[in-house]
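Residue numbers (full-length UniProt numbering): 1 to 124.
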């Protein structure tokens with residue numbers, strides 16, 4: 001599934017990570033968040049008094065807004081991610097982190113200790 005840009009009047013249909021800055025699209029030069037918002041649903045399918053079920057694919061989408069192409073996560077955002085990760089199975093958390101270029105050890109620390117050459121990922 002292509003991740004299109006959500007900014008008004010932008011015709012970019014697929015996020016292409018930049019060679020220098022992974023969080024900037026090479027096609028339209030807009031940021032990752034402007035594209036990733038396309039995947040997040042704003043509709044809730046539950047009654048306000050019910051507890052919402054957390055699905056790993058939704059947690060991946062939210063996590064990507066904070067972790068994709070970054071080397072550190074602010075403490076307040078990490079607390080929110082910790083709350084989401086706490087209701088997932090450990091293998092789901094590891095899969096999400098690995099998909100975003102993070103190890104569990106780096107995530108627990110709050111930053112990537114040594115930045116390697118992360119190959120750009122194409123989202124189609």
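Even glycine gets a Cβ: it sits at the ideal position worked out from N, Cα and C.
Since we're looking at a predicted model, the values are computed, not measured.
Item	Value
Assess, as a yes-or-no matter, whether the stretch 102 to 114 is touched by the stretch 12 to 29 under the definition of 3 or more beta carbon pairs within less than 8 angstroms.	no
Any idea if residue 35 is buried or exposed, counting beta-carbon neighbours within 10 angstroms, 16 or more meaning buried?	buried
Rounded to whole angstroms, what is the Cα-Cα separation between residue 4 and residue 11?	8 angstroms
Exposed or buried, which one is residue 74 when buried takes at least 16 other CB atoms within 10 Å?	exposed
Exposed or buried, which one is residue 64 when buried takes at least 16 other CB atoms within 10 Å?	buried
On the DSSP bridge list, what partners appear for residue 111?	72
Identify the continuous alpha helix (DSSP H) that holds residue 62 and give its terminal residues.	56 to 67
Between residue 110 and residue 8, what straight-line distance do the alpha-carbon atoms span, to the nearest angstrom?	34 angstroms
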